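Down below is the structure, laid out as structure tokens.
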Amino acid sequence: MTLQWLSIRERLDREFRSESLARRFMQLAETTRLIVDLGCGTGANLRYLSDHCKSSVPWRCVDCDEAVLAVAETKHLRSGGEFRKADLATDFKSALPDAPFAVTASAFLDITSKPWIGQLVEALQAAPLLISMTTTGGPIWNPPDDLDQQIEHCLASHRVNDHGFGAAAGTSACQVLADELSMRGRTVEFKPTDWMLDAGERDVIDFFITGVVRRVSSELSGDRLSEWLTIRRDQNSKGELQLIIPHADLLSF
């Protein structure tokens, strides 16, 4: 995952994620002694939540990638947060303290598996939980094209690949988590947090177009895909293309 993409992702997530769920989570976290951020990347989740609700509760930010952890630590030298490397697929429980804690993650859940999500919920016990910006479908293009449905089918296949956690839950991850939490009697709140991209985000849309073609090129006809690419880039250059990437935020306590 490139730092360029993480930078784009952070800006869009800040614009579209649920501020109300974020504030509620930080209020709940005040009753704990530590906020644990799983899959923290460069620290985008810490920055957003800290900006929207000042808190005295310390953070423990966890990721398996030393490069992004180094960026996160550099950006938060004065925050007092702890940055820890761990393989979240096999060792996330070691990041959770014995004292009361809260857990959060952003743009992470969809790469995990259904069994892993079950283990997470079991480990939470009564901990407040905020999972933000989980992909729930799409992309949705406007205007539509005959090839869109095939492209979405190919992307759905890619999303359930094994990212180290077992077969990924993909776009069903948020619902899987909600079901697991509900079965344990926990309160669950959802907010749709779709990315809504239009002519003001032409560079980002072009980035998506290129990425989509790269991912599906081994499965779809070269000529038809090339035609789709030309059409979409032309629409985008004229400001005629809109793109929706469905996401959801989930709060539980």
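Take the sequence shown: its letters are residues -16 to 236, numbered as in this note's numbering. For each residue, glycine too, the CB sits at the ideal point set by N, CA and C. Quick caveat: nothing in here was measured; it's all calculated off a predicted structure.
Minimum C-alpha distance to residue i - residue among the options
i       : options                        : result
Glu172  : Thr118, Leu212, Ala161         : Ala161
Ser155  : Thr87, Thr176, Gly120          : Gly120
Ala78   : Leu164, Ile188, Ile94, Ile18   : Ile18
Asp(-4) : Trp178, Ile134, Gln133, Val86  : Trp178
Val104  : Asn219, Ile94, Phe91, Val86    : Val86
Thr144  : Ser96, Glu(-7), Arg(-8), Glu49 : In the sequence as displayed, the identity of residue 144 is Asn instead of Thr. The option with the nearest alpha carbon to Asn144 is Ser96.
As assigned by DSSP and simplified to three states, the class of residue i
i      : result
Thr193 : helix
Gln108 : coil
Val40  : coil
Glu65  : strand
Val54  : helix
Asp20  : strand
Asp81  : coil
Glu172 : strand
8 Å Cβ cutoff met for residue i and residue j
i      : j      : result
Thr25  : Val45  : no
Ile114 : Ala88  : yes
Asn84  : Arg169 : Strictly speaking, residue 84 in this sequence is Phe, with Asn absent from that position. No, Cβ-Cβ distance for Phe84 and Arg169 is not below 8 Å.
Ser1   : Thr117 : no
Cys47  : Ala27  : no
Gly64  : Leu92  : no
Ile94  : Ala150 : no
Leu71  : Leu21  : yes
Arg198 : Leu138 : yes
Ala50  : Tyr31  : no
Cβ separation of residue i and residue j, assumed to be a contact under 8 Å, to the nearest whole Å
i      : j      : result
Pro111 : Ala12  : 6 Å
Leu226 : Leu180 : 4 Å
Status (buried if at least 16 other CB within 10 Å, exposed otherwise) for residue i
i        : result
Arg215   : buried
His59    : buried
Met9     : buried
Leu(-14) : exposed
Asn219   : buried
His230   : buried
Trp99    : buried
Thr73    : exposed
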